[in-house]
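A.B. asks: The sequence shown begins at -11 in the working numbering and counts up by one.
From the three backbone atoms N, C-alpha and C, an ideal C-beta is built for every residue, glycine too.
Source: prediction; values computed, not measured.
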Amino acid sequence: MKIYYSKDKIEYQFPAIALGNFDGVHLGHQRVIENAKNNGKSFGVLLFRQHSEKNIKVITSFEEKIRILTDIGVDFIYVVDFDDNFKNMSLQEFAEFLYNIGIEVVSVGYDYRCAKGASADVYDLSAELNKYNIKTVIADEVIKDDVVVKSTYIRDLIKCGEVDKANILMTRPLRLSGEVTEGLKNGRKLGFPTANIDVGNIQLLPGDGVYCAISYIGDDTYPAMVNIGKNPTFDADKRTVEAHIIGYDGVLYGENVKIDIFERIRGEIKFNSMDELSKQIKHDREYLISWREKLQCI
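1. Just the C-alpha distance for Lys123 and Tyr87, rounded to the nearest angstrom, thanks.
2. Within 10 angstroms of its Cβ, does Ala154 collect 16 or more other Cβ (buried), or is it exposed?
3. Could you give the distance in angstroms between the alpha-carbon of His271 and the alpha-carbon of Ser278?
4. I'd like the list of long-range same chain contacts for Gly28, defined as Cβ closer than 6 Å, with 5 residues on each side in sequence excluded.
5. Restricting to Cα atoms, I'd like to know which of Glu251, Ser261 and Leu265 is closest to Gly149.
6. Check whether the region 133 to 142 and the region 105 to 121 touch, using three or more Cβ-Cβ pairs below 8 Å as the test.
7. Count the other C-beta atoms from every protein chain shown that fall within 10 angstroms of the C-beta of Leu283, then say buried if there are 16 or more, exposed otherwise.
8. Do Val151 and Pro194 have their C-beta atoms within less than 7 Å of each other?
9. Would the beta-carbon of His247 fall within 7 Å of that of Tyr275?
10. Looking at the secondary structure, which residues open and close the beta strand (DSSP E) in which Asn184 lies?
11. What are the boundary residues of the beta strand (DSSP E) that includes Asn76?
12. What residues match up with Leu34 in a beta bridge as DSSP calls it?
13. In the DSSP assignment, the beta strand (DSSP E) including Glu22 goes from what residue to what residue?
14. For Met213, which of helix, strand or coil comes out of DSSP?
15. Rounded to a whole number of angstroms, what is the C-alpha to C-alpha distance between Lys147 and Thr140?
16. Give the single residue among Gly238, Lys218, Asn219 and Tyr(-7) whose Cα lies nearest to the Cα of Ile205.
17. Assuming the contact rule is C-beta atoms closer than 8 Å, Ile21 and Ile60 should be a hit. Round their C-beta distance to whole Å, please.
18. When you compare only the Cα positions, how much space is there between Pro211 and Glu52?
Below, the structure is given as structure tokens:
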């Protein structure tokens, strides 16, 4: 797989490219990518470093998208900065850009929009690309369980804590990653040490609560109980991501940890005492271990 930047000319033969934000790389996105694969001798994805919508919390980071697309097996990724020059392109300029980098086929979803102010729909784009003898393939909507699969819907599921449903639509678990930083060590005082993970300020987080997860440290995996929220029992005011990693007792400060979130155990609760909290954490841990055993049997 090759990564291109800026105005690089694509060297692959008869390349097809998939266009979109690809936040979540869900079933709908996968159909667009599959259409690119089926209509070119080589295929890839145009990928923005930043989401085209300003100040939006993202489901998948830029780095995570590259990992997923590599796993899918794309031949190339064409990286573009969604800066003022790019977002203010006219439709003609955008079509000319695709022509100049060597594109033969463009694959888009039914609701794709482009050009300055998202002024052009897929039919406008198709008509303009036709002037350059570039073929346009338009993917229909993907419906799962009577719902159209879209990033906005998946984002809402995640914010409500329904990560298990979101994962089905993405065909993979939601991944959080970040550097482990030093926290208040409240979990350690209760006998359940946690890694405080700084996921940055653009990552969309699941709704507050405790989740079943799998953590990746080096080449090893460990079940993890992840708490997302403000720790109301301790009257904290900052939303954090804390992972109690079972089976790992090393020091993780400064290390980058990846965590796949699978399902919510419970919502966040303000307990009346440390003893109540400790008892609940024990129940949560037992649930996690049981969940992990079931997962290994699948």
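C.D. replies: Taking the definition as stated:
1. A straight-line Cα-Cα distance of about 11 Å links Lys123 and Tyr87.
2. Ala154 should be labelled buried.
3. If you take the alpha carbons of His271 and Ser278, they lie about 11 Å apart.
4. Here Gly28 has Phe2, Pro3, Ala4 and Val93 as same chain residues with Cβ atoms under 6 Å from its own Cβ, once five neighbours each way along the sequence are excluded.
5. The residue with the shortest Cα to Cα distance from Gly149 is Glu251.
6. Short answer: they don't touch.
7. Leu283 should be labelled exposed.
8. Cβ atoms of Val151 and Pro194: closer than 7 Å.
9. According to the sequence shown, residue 247 is Ile rather than His. No, they are not a contact pair.
10. In the DSSP annotation of this structure, the continuous segment of the beta strand (DSSP E) that includes Asn184 starts and ends at Ala183 to Asp186.
11. Where Asn76 is concerned, there is no enclosing beta strand (DSSP E), given that its DSSP letter is neither H nor E.
12. Per the DSSP secondary-structure output, Leu34 pairs in a beta bridge with Tyr66.
13. Taken as a continuous stretch (DSSP letters only), Glu22 belongs to no beta strand (DSSP E), being part of the alpha helix (DSSP H) at Leu15 to Asn27.
14. Three-state DSSP puts Met213 in a strand.
15. Taking the CA atoms as reference points, Lys147 sits about 11 Å from Thr140.
16. Looking at the Cα atoms, Gly238 is the closest of the given residues.
17. Beta-carbon to beta-carbon, Ile21 and Ile60 are separated by about 6 Å, close enough to satisfy the 8 Å threshold.
18. Cα-Cα distance, rounded: 21 Å.
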